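Below: the structure, in structure tokens.
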Amino acid sequence: MPSEEKRQAIATLAVVSAFLVLVLLVATLGGGLKSHERGRSELTIAEIDISAEALGIADALLNVTTCLDNRGEAKSGEVRVLVKAYDAETNLLVASNETVVGEIGGRAERSGSASESWRGSWCGSWCGGGEGREGESATKSASTLLRLPKEGVGGYRLQVVVFEDGKGILRGERRIYGLSRLEPPSAAKISIRELDFFVEAVERAEGDEEGGGESGRESEGGGESGRESERGNAKGKEYAIVNTTLYIDNLGEDVRGLRALVKARENETRLISDRRWEDLGFLKTGTTTLHYAELRVLNGRDYIIEVQIWQSDRIIKEGRGMVLLSPFAKRTVLTGAEEKTVEISPTVKITDFIAPEVPVPTPVPYRAPAEEGARATKVPGFETLSAAFAVFSAFILVLRLKKRRRGV
440 MPSEEKRQAI ATLAVVSAFL VLVLLVATLG GGLKSHERGR SELTIAEIDI
490 SAEALGIADA LLNVTTCLDN RGEAKSGEVR VLVKAYDAET NLLVASNETV
540 VGEIGGRAER SGSASESWRG SWCGSWCGGG EGREGESATK SASTLLRLPK
590 EGVGGYRLQV VVFEDGKGIL RGERRIYGLS RLEPPSAAKI SIRELDFFVE
640 AVERAEGDEE GGGESGRESE GGGESGRESE RGNAKGKEYA IVNTTLYIDN
690 LGEDVRGLRA LVKARENETR LISDRRWEDL GFLKTGTTTL HYAELRVLNG
740 RDYIIEVQIW QSDRIIKEGR GMVLLSPFAK RTVLTGAEEK TVEISPTVKI
790 TDFIAPEVPV PTPVPYRAPA EEGARATKVP GFETLSAAFA VFSAFILVLR
840 LKKRRRGV
């Protein structure tokens, strides 16, 4: 009998053990199924922050920081962020760059490892932070650098695309403007307010003969033979001395050591006719200073005056203006029954624009006003003439009266 009781006890223990194993197995499988049902990531773009700095006079560097939230239960797959910059006016792609983020943990993963330390990112201080605490969403940030030209007038359209395991799942856009206003940190903050031009003189090269100016104009329209004639009469050319006045605003701190390169570029051939370097000297903060440069250019042509401000070995500001010295222009005239476009010369000459020498006026002594009660001396004027005319009229009247009496 004792052996029979022993068998019953063993059987009971086996049944209880099997039951416990079955319960644990069901619980494990149920939890796994439940975890599988809700085990997916839910990524969202929390914020897109953009900062910019000037790399030089032509380019700017953008730092696009994308904050990503995972509000799902499971961790995400491999995440990467692609940032593309389009020209806002043409919609053409200008630049693009990609940043690898990696995996972003989910809520279920963090609830199972709540004892792990919480790590935050700089942008996670407001949107959840780092891997997050238990029950909170996880956040990771991706910084992407883009180099863009500053000359874009209409700005740029930035597109952010988020990929998970090679599949695009999120998209965001931002627009930026005014990159051309960015100045390099070490560059002087100056502005070219205005450019003024006037002709100081017109010079004729040595060896010129009478009528040389007209032959130069005829050579321009005479084909190859005209060009040869123009080369032969090089000594008979007229040159205009153009004075360029630069108005420079210093918008930053006091600065010295800046130089200005002033160039005259012929408008038709785009060749440099003359250029000058000018030292700008000391520029005080908040002031506008005037600087002058003389350029000697061939008369009778049109020029683009270009100004480049240099600081050390870098151009920090540019400006330009037009000087139209050609007295000729295209005109449509009626000749007989047809209209023809011909080149005619107006009567105005470039020498008409040379400022004449203004004589220095003689200062007039100041006359103090007469004191009150004192009688001011009257200067002879129209009153004296009136009195003389009255005396003369009386004399004529007396003569006429005498003649009448004699006649009576």
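Converting from the sequence shown to our numbering requires adding 439 to each position, the first position being numbered 1. From the three backbone atoms N, C-alpha and C, an ideal C-beta is built for every residue, glycine too. Please read these numbers as outputs of a predicted model, since none were measured by experiment.
Review point. Starting from Tyr525 and walking both ways along the beta strand (DSSP E), at which residues does that stretch end?
Key: 518-526
**Study point:** Assigned secondary structure, Ser832 (DSSP; H/G/I helix, E/B strand, else coil)
**Key:** helix
Review point. How far does the beta strand (DSSP E) with Lys756 in it reach, from first residue to last?
Key: 753-763
Point to revise | Close beta carbons around Leu737, own chain, < 7 Å, minus the five adjacent residues each side | key: Lys676, Tyr678, Ser712
Review point. What did DSSP end up calling Glu705 once you bin it into helix, strand or coil?
Key: strand
Check your understanding: Are Arg759 and Leu722 touching if we call contact CB-CB under 8 Å?
Key -> no
Check your understanding: When the Cα atoms are used, what is the spatial distance from Glu486 to Arg610?
Key -> 12 Å
Check your understanding: So, is Ile835 buried or exposed, given that buried needs 16 or more other C-beta atoms within 10 angstroms?
Key -> exposed
**Study point:** Reduced DSSP category for Glu444 - H, G, I as helix; E, B as strand; rest coil
**Key:** helix
Practice item. Give every residue of the same chain whose Cβ lies closer than 7 Å to the Cβ of Glu622, excluding the five residues on either side of it in the sequence, and list them in chain order. Key: Ala493, Lys628
Practice item. For Arg610, name the three-state secondary structure that DSSP assigns. Key: strand
Review point. What span of residues does the beta strand (DSSP E) with His588 cover, start to end?
Key: Residue identity check: residue 588 is Pro in the sequence provided, not His. Residues 577-588.
Point to revise | Bridge-paired residues (DSSP) for Asn682 | key: Phe637, Glu733
Check your understanding: Relative to the C-alpha of Asp508, which residue among Phe637, Thr708, Glu481 is closest?
Key -> Glu481
Point to revise | CB-CB length for Asn689 against Tyr731, believed under 8 Å | key: Asn689 to Tyr731, Cβ: 17 Å. No contact.
Review point. Between Glu512, Thr451, Val533, Ile489, which lies nearest to Asn502 when the distance is taken from Cα to Cα?
Key: Ile489
Check your understanding: CB Leu697 to CB Gln750, shorter than 8 Å?
Key -> yes
Check your understanding: Where do the N-terminal and C-terminal ends of the beta strand (DSSP E) with Ile744 fall, by residue?
Key -> 741-750
Exercise for review: Count the other C-beta atoms from every protein chain shown that fall within 10 angstroms of the C-beta of Ile449, then say buried if there are 16 or more, exposed otherwise.
Suggested key: exposed
Point to revise | Beta-carbon proximity list for Leu763, same chain, < 6 Å, skipping 5 on both sides | key: Asp741
Exercise for review: Measure the CB-CB distance between Lys702 and Glu745 and report whether it falls below 8 Å.
Suggested key: yes
Review point. In the structure shown, what three-state DSSP assignment does Thr504 receive?
Key: strand
Review point. Assuming Gly593 and Glu528 make a contact with CB atoms under 8 Å, what is their CB distance in whole Å?
Key: 4 Å
Check your understanding: Once you ignore the five residues that flank Ala491 on each side, which residues in its own chain have a CB closer than 8 Å to its CB?
Key -> Ala499, Leu500, Leu501, Asn502, Ile615, Leu618, Leu621
Exercise for review: Determine which residues share a DSSP beta bridge with Asn689 and list them.
Suggested key: Ile629
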